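See below for the structure under consideration.
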Amino acid sequence: MTAFNATLKDENATVALGQQFAQAIKPPLVVYLNGDLGAGKTTLSRGIIQHLGHIGAVKSPTYALVEPYEINNVDIFHFDLYRVADPEELEYMGIRDYFTDNSICLVEWPENGNGLIPAADVQINIRYQDEQRQITIEAHSDIGQTLVNKLK
C-alpha cells in the first residue's frame, strides 16, 4: 500500500488538505488520525466535515467522545478518544453501532479504542516540523488505496 506525504505550512493549509481529502471520500470509511496534542487532527477534520457540507463550527469532541453530523444522507462521526482510560467505556456507549456501511468515521487517538473499533482504511499521521506540520496519509485497505491514489 502506498502513502501520500505533504508539508502543511499553517492552519489554512491543513483545512485545505482536509477539503481535498473530502472530495475523494465516500462511506463506508474509517480514518485514524494520529499526532500529538495540537498537531492539527481536529483542524484537518474540520476541513473534511465542512467541505462535505456542514455549515457551522466543528468542535473537538474531547469531552463528548463523538460529534455526529448527517450530511447528504451520510453519517459522519468525529471521535476523540483522548480521555478514554479503558476501551470498555466505548462498549457502554455502543461504539460499534457507529461503524456502518453509511458512515465516515474520523477517529482521533484510535489507540485508546484498541480492540473495539474497526481497522482503519486510512491512517493519517501529523507531526510537528518546526512551525509547520508534516502529514502522511497511508492506505490500509483497498478503499484506502483508492483514496490515496486520488490524492496523488
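The numbers in my numbering rise by one with no breaks, and the one at position 9 of the sequence shown is 13. Cβ coordinates follow ideal geometry from the N, Cα and C atoms, glycine included. All values reported here derive from a predicted model rather than from experimental measurement.
Under the three-state DSSP convention, the category residue i falls into
i	result
residue 67	coil
residue 139	strand
residue 147	helix
residue 18	helix
residue 155	helix
residue 26	helix
residue 130	strand
Proximity winner among the options, relative to residue i (alpha-carbon distances)
i	options	result
residue 143	137, 153, 136, 134	153
residue 19	5, 40, 48	48
residue 46	12, 146, 17, 112	112
residue 95	122, 75, 78	122
residue 117	11, 22, 10, 38	38
residue 10	66, 141, 146	141
CB of residue i within 7 Å of CB of residue j, strictly
i	j	result
residue 28	residue 151	yes
residue 13	residue 136	yes
residue 72	residue 81	yes
Chain C within 7 Å of residue i, Cβ atoms only
i	result
residue 121	Judged by its chain identifiers, the structure shown contains no chain C, having just a single protein chain.
Which runs of the beta strand (DSSP E) fall wholly inside the segment 46-118 and span at least 3 residues, in chain order? Assignment of beta strand (DSSP E) within the segment 46-118, counting only whole runs of 3 or more residues, yields 70-75, 78-84, 107-112 in chain order.
At least three beta-carbon pairs within less than 8 Å, the segment 101-109 to the segment 23-37: Between the segment 101-109 and the segment 23-37 there are three or more C-beta pairs closer than 8 Å, enough to call the two in contact.
Would you call the segment 85-99 in contact with the segment 47-61, where contact means no fewer than 3 C-beta pairs closer than 8 Å? Three or more beta-carbon pairs separated by less than 8 Å are not found between the segment 85-99 and the segment 47-61, which leaves the two stretches without contact.
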